[in-house]
Each structure stands twice: as structure tokens, then as C-alpha cells.
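Residue numbers (the working numbering), protein chains in the order written: chain A, 2 to 111; chain B, 427 to 537.
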């Protein structure tokens with residue numbers, strides 16, 4: 002049981018480049034979430050999904066898109082990266098209200 | 427708007443010196459209050475869920491308590507391996523299990 006996995010672990014982008022972060026869970030959870038974590042600001046919800054084929058906006062959705070084509074995968078896309086998107090990104094899945102987190106992706110946008 | 431405030435921001439203890447971390451919250455219909463531990467460079471790790479005022483949960487040297495306005499994480503006789511950031515989060519009823527997090531308390535336990 003791998004739990005929640007994220008790829009890649011680290012990435013450096015130039016302003017304007019695009020990329021996709023992949024989250025996978027093997028716990029058969031319906032709900033999945035993408036957060037960003039910045040110093041002094043805590044974890045903030047970007048987008049979430051309550052099931053395969055569904056997505057919804059969280060607290061800070063601007064500049065990001067998501068897709069949930071398969072129940073076990075939740076993808077986070079940056080179409081045109083900006084320095085303000087430099088952050089650590091965490092994916093989580095949820096069962097009975099308890100969220101289980103992945104190890105994170107550290108993204109730097111130059 | 428749901429809100430979580432944690433204090434202190436940072437806490438330095440000697441090994442064996444007990445203390446408490448505070449989590450104050452405002453939420454429209456509390457479904458649950460969650461405590462997580464986060465080590466540097468890692469994702470948050472689930473510790474406890476509390477559902478109603480008066481509830482208490484324990485795990486090793488940690489004990490979490492809940493009132494209608496705040497939660498405490500009591501650390502008894504801490505060890506250096508308890509050093510981490512402790513995060514508090516609330517979940518409102520009907521929120522699709524979304525969590526609103528505080529900014530955390532960084533705990534350092536010196537031998």
C-alpha cells in the first residue's frame with residue numbers, strides 16, 4: 002500500500018512554461034485535494050474533487066487547472082507558470098473526513 | 427468564514443518539559459477538528475480527530491482536547507523526536523470534507 006504518491010518531487014520552471022503535477026492514491030478514496038504550502042500562510046486549498054470526473058475550486062484556484070479522469074489520479078496543471086506559484090504542493094485523499102497527504106512537490110518558478 | 431489560529435508560532439522545550447499548543451477556531455458547524463504532525467520536507471501526518479466539545483484523545487506523549495472555541499495539544503515529557511511542526515485544521519459540516527488549516531506551531535525539543 003503506497004498511500005498517496007506525487008510526481009515529480011522537485012521541479013524548476015521558467016516563467017511562462019507549463020507543467021503537470023501527478024497525484025495517485027491506491028486507497029480507493031472518493032475525495033482528493035490539491036494544496037499549496039507557503040511560509041507563514043499554512044496549507045491553502047487550490048482545487049478538489051469529490052469523485053471521478055468532478056472538480057471544484059478551492060480557496061486559491063487562479064492560475065491552476067485540474068482533472069480527475071480516473072478515480073485514483075488527480076492532476077494539477079499550470080498553463081503559464083509565474084514566480085508567485087513557487088511553492089510546495091501537496092496532494093491529499095480523504096476517507097471519513099481524515100485526509101492522507103502525499104510527500105509533496107517543491108516547485109520553483111524563475 | 428472559517429478560521430484557525432495557532433499559538434505559539436514556535437516553542438522550544440527541554441527534553442521532559444511538558445507544555446501545550448493552542449488552536450483557536452471559528453467555524454460554521456464543526457464536523458471535526460484535526461491535528462497533524464509535519465516533519466521538514468514531508469507531508470502532514472494524521473494524529474487525531476476530535477468531534478465534540480469535551481472529547482479527548484491520546485497517543486503516546488500527546489493528548490488532544492476540544493472545547494467549543496479551541497483545542498489543545500498537550501505534550502507530556504517530550505523527547506527530541508517530537509520536534510516537528512504541529513498543524514491544526516477544522517472541517518465544517520457539508521464542506522465535502524475540506525479542511526481549513528492554521529499556520530502551525532514549530533516545536534523544538536532539545537536533549
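Virtual Cβ for every residue (Gly too), placed ideally from N, Cα, C.
For residue 490 of chain B and residue 19 of chain A, the gap between their C-alpha atoms comes out near 43 Å.
Ranked by how close their Cα comes to the Cα of residue 442 of chain B, the residues B:487, B:530 and B:529 have B:487 in first place.
A contact is defined here as three or more CB-CB pairs under 8 Å, and the stretch 71-91 of chain A fails this definition with respect to the stretch 427-444 of chain B. Residues are counted here when their Cβ sits less than 9 Å from a Cβ of chain A; for the stretch 449-461 of chain B these are 457, 458 and 460, given in chain order. Secondary structure in the stretch 47-78 of chain A: no alpha helix (DSSP H) run of 4 residues or longer lies completely within the stretch.
Contact of residue 104 of chain A with chain B is assigned, a C-beta pair being separated by under 7 Å. Of all residues in the stretch 50-64 of chain A, only 51, 57 and 59 place a beta-carbon less than 8 Å from a beta-carbon of chain B. Counting C-beta atoms within 10 angstroms of its own C-beta, residue 13 of chain A has fewer than 16 neighbours from the protein chains shown and is therefore classed as exposed.
By the C-beta criterion, the stretch 25-35 of chain A is judged to be in contact with the stretch 85-103 of chain A, since at least 3 inter-stretch pairs fall below 8 Å. Within the stretch 457-526 of chain B, complete alpha helix (DSSP H) segments of at least 4 residues are not found at all.
Membership of residue 448 of chain B in the beta strand (DSSP E) is indicated by the continuous run 445-452. Here residue 433 of chain B carries a strand assignment [DSSP, helix/strand/coil]. Residue 99 of chain A has a beta carbon lying within less than 7 Å of a beta carbon in chain B.
The alpha-carbon separation between residue 16 of chain A and residue 65 of chain A amounts to approximately 14 Å. In this structure residue 523 of chain B is in contact with residue 98 of chain A, their Cβ atoms being roughly 5 Å apart against a cut-off of 8 Å. DSSP, read as helix, strand or coil, puts residue 18 of chain A in coil. Residue pairing from DSSP places residue 99 of chain A in a beta bridge opposite A:96.
Residue burial is scored here from C-beta neighbours: residue 480 of chain B has fewer than 16 other C-beta atoms within 10 angstroms and is therefore classed as exposed. Burial is judged here by how many other beta carbons sit within 10 angstroms of a residue's own beta carbon; residue 33 of chain A has at least 16 and is buried. DSSP places residue 108 of chain A inside the beta strand (DSSP E), whose first and last residues are 106-110. Counting only residues of its own chain and dropping the five nearest sequence neighbours on each side, residue 494 of chain B has a CB closer than 6 Å to the CB of 479. In this structure, the alpha-carbon of residue 52 of chain A lies about 12 Å from that of residue 96 of chain A.
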